[in-house]
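Trainee: In our numbering, the protein residues as written are 18 to 324.
Each residue gets a CB set at the ideal place from its N, CA and C atoms; glycine is no exception.
Dropping a structure here in structure tokens format, bear with me for questions.
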Ligand code: CP
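Written out as structure tokens, the structure reads:
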């Protein structure tokens, strides 16, 4: 179903494909935890190209590649590649495509994933393109929701923080719409979800509420997806200073929220969730980061034809 496909954004998926990825990830999770040697991608080579910083996405992809029995070649920063000499993205991808079986790329420019996929014969996976999309994060978010809540739909989720620049919420919004969850968007006025995304989600049948009242939103939410205010996306540092720390989730707030609320965050965290929340049983963000390994194993195996 996914063999040979590019993974560019979350709008491209059907429910059937999501179920396949979730079930494949669950199988890999069991195998890894049972200590099985896995060879689904033995003999293949994957390029891991990161032109923007990453801890979780790059390392979980590279661990996934290793655990599947494939080999990885990597660019961990633009300065160590010929991009520093002025090479175009299209030329870099055409070159790497001749060496490998699958390409994974993170790049600071929105739309770069499409350019890369257009210049690659092999499957291409978007690991984050600027303020655009981060589809593999949304897949691991969905896998985490399935594990934490036992269901994928019929719930209310609050998206909190930098909804303008946050590619993770741009991506997860499409899955929440597809799975028929209600969304509440809470952000400073200057960091609202882009109007075109909100309109597109509503056109797909999503129920969406926008507010600045976090306390009220949390009182009716089954989950809250917290995001960092992204300093690196601000052209004006004074504006960043003005909005940073606008919303900080702490244990006092959780105690007043809907009972059993699940706290999600793509990480890295700065100060938007205080560390006193980490011991709360519904704080799922580190489990969420660990789930990325199994979901990325599933996606790599599926697009490469290894399952
Ligand atoms: N969530 C996420 O994309 O984290 P990294 O930037 O560390 O990869």
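1) Classify residue 181: buried if its beta carbon has 16 or more other beta carbons within 10 angstroms, exposed otherwise.
2) What separation, rounded to the nearest whole angstrom, lies between the Cα atoms of residue 178 and residue 60?
3) Spell out a yes or no on whether the region 289-298 and the region 260-269 are touching, meaning 3 or more CB-CB pairs, one atom from each, closer than 8 Å.
4) Determine the DSSP secondary structure at residue 20, reduced to helix, strand or coil.
5) Taking 6 Å as the cut-off, is the C-beta of residue 148 nearer than that to any heavy atom in the ligand CP?
6) Relative to the ligand CP, is the shortest distance from any of its heavy atoms to the C-beta of residue 71 smaller than 6 Å?
7) Please return the same chain residues whose Cβ sits closer than 8 Å to the Cβ of residue 230, not counting the five positions on each side in sequence.
8) Give the C-beta separation of residue 78 and residue 121 to the nearest angstrom, bearing in mind that I take them to be a contact with Cβ-Cβ under 8 Å.
9) Quick one: residues in its chain with C-beta nearer than 6 Å to the C-beta of residue 111, no 5 flanking neighbours on either side, listed in chain order?
10) Give a yes or no on whether the C-beta atoms belonging to residue 186 and residue 117 are separated by under 7 Å.
11) Taking contact to mean at least 3 C-beta pairs separated by less than 8 Å, is the region 307-315 in contact with the region 33-42?
12) Quick check on the burial criterion: 16 or more other C-beta atoms within 10 angstroms. Buried or exposed for residue 157?
13) At the level of alpha carbons, what is the spacing between residue 46 and residue 227?
14) For residue 105, tell me which candidate among 86, 133 and 19 has the shortest Cα-Cα distance.
15) Indicate the three-state DSSP secondary structure (helix, strand or coil) for residue 117 in the structure shown.
16) On the DSSP letters alone, give me the boundaries of the alpha helix (DSSP H) that residue 264 sits inside.
17) Select from 141, 100 and 25 the residue whose C-alpha is nearest the C-alpha of residue 321.
18) For the ligand CP, I want to know if residue 283 counts as a neighbour, meaning its beta carbon is within less than 6 Å of at least one of the ligand's heavy atoms.
19) Which residues bound the beta strand (DSSP E) around residue 174?
20) Buried or exposed: where does residue 69 fall if 16 or more other Cβ atoms within 10 Å of its Cβ makes it buried?
21) For the ligand ATP, is there any heavy atom lying closer than 6 Å to the beta carbon of residue 215?
22) Indicate whether residue 152 and residue 24 have their beta-carbon atoms separated by less than 7 Å.
23) Is it the case that the Cβ atoms of residue 324 and residue 57 are separated by a distance below 7 Å?
24) Skipping 5 residues on each side, what residues in its chain have a beta carbon closer than 6 Å to that of residue 88?
25) Is it the case that the CB of residue 175 approaches a heavy atom of the ligand CP more closely than 6 Å?
26) If we count the other Cβ atoms within 10 Å of its Cβ and call it buried at 16 or more, is residue 279 buried or exposed?
27) I'd like the list of long-range same chain contacts for residue 64, defined as Cβ closer than 6 Å, with 5 residues on each side in sequence excluded.
28) Could you compute how far the alpha carbon of residue 125 sits from the alpha carbon of residue 96?
29) May I ask which residues mark the beginning and end of the alpha helix (DSSP H) holding residue 133?
30) Reducing DSSP to helix, strand and coil, say where residue 145 ends up.
31) Helix, strand or coil for residue 307? Go by DSSP, reduced to three states.
32) Grab me the residues of residue 164's own chain with a C-beta within less than 8 Å of its C-beta, minus the 5 sequence neighbours each way, in chain order.
33) Which value, in whole angstroms, describes the spacing of the CA atoms of residue 194 and residue 94?
Mentor: The relevant details are as follows:
1) As a position in the chain shown, residue 181 is number 164, starting the count at 1. Residue 181 is buried by the Cβ-count criterion.
2) The residue labelled residue 178 in the question sits at position 161 within the chain shown. The residue labelled residue 60 in the question sits at position 43 within the chain shown. Straight-line Cα distance between these residues: approximately 43 Å.
3) Contact holds: three or more Cβ-Cβ distances are below 8 Å.
4) As a working note, residue 20 is residue 3 in the chain shown. Three-state result, residue 20: coil.
5) On the chain shown, position 131 is the one that residue 148 refers to. No - the ligand CP has no heavy atom lying nearer than 6 Å to the Cβ of residue 148.
6) Here residue 71 refers to the residue found at position 54 of the chain shown. Annotation for residue 71 indicates a beta carbon within 6 Å of some heavy atom of the ligand CP.
7) Taking the chain shown and counting its residues from 1, the one referred to as residue 230 is at position 213. Taken in chain order, the residues that qualify are 203.
8) Translated into the one-based positions of the chain shown, residue 78 becomes position 61. Translated into the one-based positions of the chain shown, residue 121 becomes position 104. Rounded, the Cβ-Cβ distance is 5 Å, consistent with contact.
9) What you label residue 111 is simply residue 94 of the chain shown in a count that begins at 1. Excluding sequence neighbours, residue 111 sits near 136.
10) By one-based count along the chain shown, residue 186 stands at place 169. By one-based count along the chain shown, residue 117 stands at place 100. No.
11) yes
12) Here residue 157 is taken as the residue at index 140 of the chain shown, counted from 1. Answer is buried; the Cβ neighbour count reaches 16.
13) Walking along the chain shown from the start, residue 46 turns up at place 29. Walking along the chain shown from the start, residue 227 turns up at place 210. Those two C-alpha atoms are separated by around 36 Å.
14) Counting from one through the chain shown, the residue named residue 105 turns up at place 88. Closest option to residue 105, Cα to Cα, is 133.
15) Position 100 of the chain shown, counted from the first residue, corresponds to residue 117. Coil, per DSSP.
16) As a working mapping, residue 264 is identified with position 247 in the chain shown. No alpha helix (DSSP H) holds residue 264; DSSP gives it neither H nor E.
17) Against the chain shown, residue 321 aligns to sequence position 304. Nearest C-alpha to residue 321: 141.
18) Mapped onto the chain shown, residue 283 falls at position 266. Flag set: Cβ of residue 283 near the ligand CP.
19) Numbered from 1 along the chain shown, position 157 holds the residue referred to as residue 174. Where residue 174 is concerned, the enclosing beta strand (DSSP E) starts and stops at 173-177.
20) Translated into the one-based positions of the chain shown, residue 69 becomes position 52. Residue 69 is buried by the Cβ-count criterion.
21) Ligands present in the displayed structure are limited to the ligand CP, and the ligand ATP is not among them.
22) Here the question's residue 152 lines up with position 135 in the chain shown. Here the question's residue 24 lines up with position 7 in the chain shown. Cβ atoms of residue 152 and residue 24: closer than 7 Å.
23) Working through the chain shown from its first residue, we reach residue 324 at position 307. Working through the chain shown from its first residue, we reach residue 57 at position 40. Taking 7 Å as the Cβ cut-off, residue 324 and residue 57 qualify as a contacting pair.
24) Against the chain shown, residue 88 aligns to sequence position 71. Here the set comprises 62.
25) Locating residue 175 in the chain shown gives position 158, counting from the first residue. The answer is no for residue 175.
26) Within the chain shown, residue 279 is the residue found at index 262, counting from 1. The residue in question, residue 279, is buried, as its Cβ has 16 or more Cβ neighbours within 10 Å.
27) Numbered from its first residue, the chain shown carries residue 64 at position 47. Around residue 64: 90, 113, 117 and 120.
28) Taking the chain shown and counting its residues from 1, the one referred to as residue 125 is at position 108. Taking the chain shown and counting its residues from 1, the one referred to as residue 96 is at position 79. Using only the alpha carbons, I get a separation of about 13 Å.
29) Here the question's residue 133 lines up with position 116 in the chain shown. Run containing residue 133: 129-135, per the alpha helix (DSSP H) assignment.
30) As a position in the chain shown, residue 145 is number 128, starting the count at 1. DSSP places residue 145 within a strand segment (E or B) once states are collapsed to three.
31) Position 290 of the chain shown, counting from 1, holds the residue named residue 307. It is helical.
32) Locating residue 164 in the chain shown gives position 147, counting from the first residue. Once the five neighbours on either side are set aside, the close Cβ partners of residue 164 are 304 and 308.
33) Numbered from 1 along the chain shown, position 177 holds the residue referred to as residue 194. Numbered from 1 along the chain shown, position 77 holds the residue referred to as residue 94. Computed Cα separation, rounded: 34 Å.
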